[in-house]
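Residue numbers (the working numbering), protein chains in the order written: chain U, 1 to 202; chain F, 1 to 202.
All C-beta atoms, glycine included, are put in the ideal place defined by N, C-alpha and C.
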DNA sequence: CCTACCGATCGGTAGG
DNA sequence: CCTACCGATCGGTAGG
């Protein structure tokens with residue numbers, strides 16, 4: 001299946017429906033109806049319903065990965081890496097920007113990847129873990145450098161990343177907060193969380 | 001439908017399956033098969049598949065609400081409320097404890113409430129918002145008292161609460177971290193996040 | 001992209 | 001809790 005405009009449109013429509021009703025709760029005919037064509041006609045463009053989910057999830061995985069790459073590249077200098085604080089902030093901002101820029105696909109990526117067939121699901125699970133490891137590593141680096149005092153980098157990374165992903169549940173393009181404002185707020189919240197317990201005096 | 005042991009068992013089994021495959025992705029026969037009875041036999045105990053989801057979600061909503069009530073009651077003194085820091089920590093710990101104590105139902109509560117029929121879904125949405133408001137209010141109180149410097153209590157509350165709910169995606173009863181350890185780590189992360197930007201010097 | 005159609009499965013009911 | 005069954009809908013194919 002080649003990527004065509006029509007195929008991309010199917011992905012867009014499916015993202016919205018999967019987001020609202022889930023993958024299993026959305027029928028091929030639901031997708032077709034939203035495009036004013038017959039259910040069977042979809043199969044001129046896609047191999048299967050699963051194929052549509054796969055395309056959405058893989059596209060988003062790539063977007064998140066590239067956004068993280070670019071964000072770090074932009075702040076690391078040729079001589080060495082930026083500080084862990086700056087790097088965690090960059091990763092956070094990049095993640096929020098992708099979510100707010102493509103809310104439909106991002107929601108499917110976050111919530112519906114479990115509906116992938118076993119092989120793909122396993123591969124995507126590894127890919128997600130590799131992505132999360134970037135957060136873990138940056139936090140662990142910050143602990144080593146003394147910038148962060150977090151007791152457990154893995155737990156902190158999971159806490160932060162799921163908070164960022166939770167954005168898909170409450171972000172509204174017409175809501176009170178602009179994407180840029182959310183990116184700033186979340187960057188501060190994430191960095192603050194990572195700083196840890198030492199200065200808290202409890 | 002009265003609450004019987006068998007009915008409770010259906011809820012348990014359904015929670016596990018809904019957690020793994022989602023509400024729409026789980027058939028009535030899947031639930032029955034896991035109990036070694038026929039699909040139709042389930043209807044001697046429940047009115048409908050939706051009825052099972054409703055029971056799970058409402059039970060968990062009550063548990064989260066009561067846990068928050070009890071947690072605050074335990075630290076507020078008769079003369080006045082505890083500090084916002086202590087109250088936020090108490091709410092966080094209570095939430096984590098409920099999630100780790102009933103992971104199956106908690107996951108369904110977090111992920112599958114969208115599959116409730118419109119009326120129930122709307123009421124549950126309000127109930128969830130009321131619960132989230134407790135976090136918002138405590139954070140706003142902390143900003144007023146000067147303990148927290150968070151710029152936006154609503155965003156901070158959403159960040160923290162979705163991070164806590166994200167626990168359903170990665171907590172494993174046989175995992176590295178005990179519930180009590182997670183509760184401590186998450187309490188610190190949440191309180192730290194709320195402290196805000198002022199001391200960060202960026 | 002359509003019409004016509006397939007077997008399988010869905011949630012649920014009747015009647016015991 | 002079972003057998004037998006219902007109409008509706010599912011993902012997908014054939015053939016144009």
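### Task
Compare the C-beta of residue 189/U with all C-beta atoms of chain F and state if any pair is closer than 9 angstroms.
Residue 189/U sits at position 189 when you count from the first residue of the first chain. Closer than 9 angstroms to some Cβ of chain F, the Cβ of residue 189/U qualifies, so yes.
### Query
Assuming residue 168/U contacts residue 153/U under a Cβ cut-off of 8 angstroms, what Cβ separation, rounded to an integer in Å, is found between them?
Counting from one through the first chain, the residue named residue 168/U turns up at place 168. Counting from one through the first chain, the residue named residue 153/U turns up at place 153. Their Cβ separation, rounded to whole angstroms, is 24 angstroms, which puts residue 168/U and residue 153/U out of contact at 8 angstroms.
### Query
Residues of chain F with a CB under 8 angstroms from the CB of residue 177/U: which are they?
Here residue 177/U corresponds to residue number 177 of the first chain, with the count starting at 1. Within chain F, the residues whose beta carbon sits less than 8 angstroms from that of residue 177/U are 152 and 155, listed in sequence order.
### Task
For residue 80/F, write down the residues that DSSP places opposite it in a beta bridge.
Within the second chain, the letter at position 80 stands for residue 80/F. Answer is 77/F.
### Message
Restricting to Cα atoms, I'd like to know which of 146/U, 87/U and 116/U is closest to residue 67/U.
### Response
On the first chain, position 67 is the one that residue 67/U refers to. Considering only alpha carbons, the answer is 87/U.
### Query
Who are the near neighbours of residue 98/U in its chain, counting only those whose CB is closer than 7 angstroms to its CB and skipping five residues on each side?
Taking the first residue of the first chain as position 1, residue 98/U is located at position 98. Once the five neighbours on either side are set aside, the close Cβ partners of residue 98/U are 63, 64, 67 and 106.
### Query
Along chain U, which residues have their Cβ under 8 angstroms away from the Cβ of residue 162/F?
Mapped onto the second chain, residue 162/F falls at position 162. Within chain U, the residues near residue 162/F are 162, 163, 165, 166, 167, 169 and 170.
### Task
Measure the alpha-carbon distance for residue 132/U versus residue 173/F and round it to whole angstroms.
Against the first chain, residue 132/U aligns to sequence position 132. Against the second chain, residue 173/F aligns to sequence position 173. The straight-line gap from Cα to Cα measures roughly 21 angstroms.
### Message
Going by beta-carbon coordinates alone, are residue 122/U and residue 25/F separated by less than 9 angstroms?
### Response
One-based indexing of the first chain puts residue 122/U at position 122. One-based indexing of the second chain puts residue 25/F at position 25. Contact flag unset, no.
### Query
Of all Cβ atoms in chain F, is any one closer than 9 angstroms to the Cβ of residue 182/U?
Position 182 of the first chain holds residue 182/U. Output row for residue 182/U: interface = yes.
### Task
Taking only beta-carbon positions, decide if residue 200/U is within less than 9 angstroms of chain F.
For the purposes of this step, residue 200/U is taken as the residue at position 200 of the first chain. Annotation note: pLDDT 45 at residue 200/U (below 50); position unreliable, no value reported.
### Query
Helix or strand or just coil, what does DSSP make of residue 15/U?
Counting from 1 along the first chain, the entry for residue 15/U is found at position 15. Here DSSP, grouped into helix, strand and coil, assigns residue 15/U to helix.
### Task
Can you give me the Cβ contacts of residue 49/U inside the same chain, cut-off strictly under 6 angstroms, excluding the 5 residues immediately before and after it?
Counted from its first residue, the first chain places residue 49/U at position 49. Within the same chain, residue 49/U has close Cβ partners 28.
### Query
Of all the options 94/U, 194/U and 96/U, which has the alpha carbon lying nearest to the alpha carbon of residue 137/U?
Here residue 137/U is taken as the residue at index 137 of the first chain, counted from 1. Checking every option, the nearest Cα to that of residue 137/U belongs to 194/U.
### Query
Using 9 angstroms as the limit for Cβ to Cβ distance, is residue 104/U near chain F?
As a working note, residue 104/U is residue 104 in the first chain. Interface annotation, residue 104/U: not in contact with chain F, CB-CB separation never under 9 angstroms.
### Query
Between residue 56/F and residue 14/F, which are expected to be in contact by the criterion C-beta below 8 angstroms, what is the C-beta distance as a whole number of angstroms?
As a first step, residue 56/F is located in the second chain; it is residue number 56 there, counting from the start. As a first step, residue 14/F is located in the second chain; it is residue number 14 there, counting from the start. 7 angstroms between Cβ atoms; contact.
### Task
Please state whether DSSP places residue 43/F in a helix, a strand or coil.
Position 43 of the second chain, counted from the first residue, corresponds to residue 43/F. In this structure, residue 43/F counts as helix in the three-state DSSP scheme.
### Message
If contact is defined by three or more beta carbon pairs under 8 angstroms, each pair taking one atom from either stretch, is the stretch 170 to 186 of chain F in contact with the stretch 154 to 162 of chain U?
### Response
Taking a contact to require three or more Cβ pairs closer than 8 angstroms, the stretch 154 to 162 of chain U and the stretch 170 to 186 of chain F qualify as touching.
### Message
The alpha helix (DSSP H) that contains residue 167/U, what's its start and end?
### Response
On the first chain, position 167 is the one that residue 167/U refers to. Counting along the chain, residue 167/U sits inside the alpha helix (DSSP H) bounded by residues 167 to 170.
### Message
Measuring straight from C-alpha to C-alpha, what distance separates residue 8/U and residue 96/U?
### Response
As a working note, residue 8/U is residue 8 in the first chain. As a working note, residue 96/U is residue 96 in the first chain. Those two C-alpha atoms are separated by around 23 angstroms.
### Query
What first and last residue would you give for the alpha helix (DSSP H) that runs through residue 104/U?
The sequence position of residue 104/U within the first chain is 104, counting from 1. Membership of residue 104/U in the alpha helix (DSSP H) is indicated by the continuous run 103 to 111.
### Cβ separation of residue 120/F and residue 33/F, assumed to be a contact under 8 angstroms, to the nearest whole Å
In the second chain, residue 120/F corresponds to position 120, counting from 1. In the second chain, residue 33/F corresponds to position 33, counting from 1. That belief does not hold up - the Cβ atoms of residue 120/F and residue 33/F are roughly 27 angstroms apart, past 8 angstroms.
### Query
Which residues in chain U sit within 7 angstroms of residue 195/F, going by Cβ to Cβ distance?
Position 195 of the second chain, counted from the first residue, corresponds to residue 195/F. In chain order: 192.
### Query
Taking all protein chains shown into account, do 16 or more other C-beta atoms lie within 10 angstroms of the C-beta of residue 198/U, making it buried, or fewer, making it exposed?
Numbered from 1 along the first chain, position 198 holds the residue referred to as residue 198/U. Note on residue 198/U: pLDDT 44, under 50, position unreliable in the model; the coordinate value appears next. Residue 198/U should be labelled exposed.
### Query
For residue 115/F, which residues in chain U fall below 9 angstroms Cβ to Cβ?
For this step, residue 115/F is matched to residue 115 along the second chain. Those within 9 angstroms of residue 115/F in chain U are 21, 22 and 25.
### Query
To the nearest angstrom, how far is it from the Cα of residue 82/U to the Cα of residue 102/F?
Working through the first chain from its first residue, we reach residue 82/U at position 82. Working through the second chain from its first residue, we reach residue 102/F at position 102. The alpha-carbon atoms of residue 82/U and residue 102/F are separated by roughly 42 angstroms.
### Query
With a cut-off of 9 angstroms, does the C-beta of residue 88/F fall near any C-beta of chain U?
The residue you call residue 88/F lines up with position 88 of the second chain. Closer than 9 angstroms: no.
### Message
Buried or exposed for residue 39/U, going by 16 or more other Cβ atoms inside 10 Å?
### Response
Numbered from 1 along the first chain, position 39 holds the residue referred to as residue 39/U. Residue 39/U comes out exposed.
### Query
residue 203/U CB to nearest chain F CB: under 9 angstroms?
Here chain U comprises residues numbered 1 to 202, so residue 203/U is not present and cannot be evaluated.
### Task
Identify, in the order they occur along the chain, each residue of the same chain with its Cβ nearer than 7 angstroms to the Cβ of residue 206/F, setting aside the five sequence neighbours on each side.
No information on residue 206/F is available, as it lies outside the stretch 1 to 202 that chain F covers here.
### Task
Pick helix, strand or coil for residue 179/F, following the three-state DSSP scheme.
On the second chain, residue 179/F is found 179 positions in, with the first residue counted as 1. Residue 179/F: helix per DSSP, three-state reduction.
### Message
So residue 141/F and residue 84/F are supposed to be a Cβ contact under 8 angstroms. How far apart are they, rounded?
### Response
Taking the first residue of the second chain as position 1, residue 141/F is located at position 141. Taking the first residue of the second chain as position 1, residue 84/F is located at position 84. A Cβ-Cβ distance of about 5 angstroms is found for the pair residue 141/F and residue 84/F, placing them in contact under the 8 angstroms criterion.
### Task
Figure out for me which residue from 127/U, 146/U, 51/U and 159/U has the closest Cα to the Cα of residue 116/U.
Position 116 of the first chain, counting from 1, holds the residue named residue 116/U. For the residues 127/U, 146/U, 51/U and 159/U, the minimum Cα distance to residue 116/U belongs to 51/U.
### Task
Could you tell me whether the Cβ atoms of residue 189/U and residue 162/F are closer together than 9 angstroms?
For this step, residue 189/U is matched to residue 189 along the first chain. For this step, residue 162/F is matched to residue 162 along the second chain. Result no, Cβ atoms of residue 189/U and residue 162/F do not sit closer than 9 angstroms.
### Query
Can you name the residues of chain U whose CB is closer than 7 angstroms to the CB of residue 209/F?
This structure leaves residue 209/F out entirely; chain F is present only between 1 and 202.
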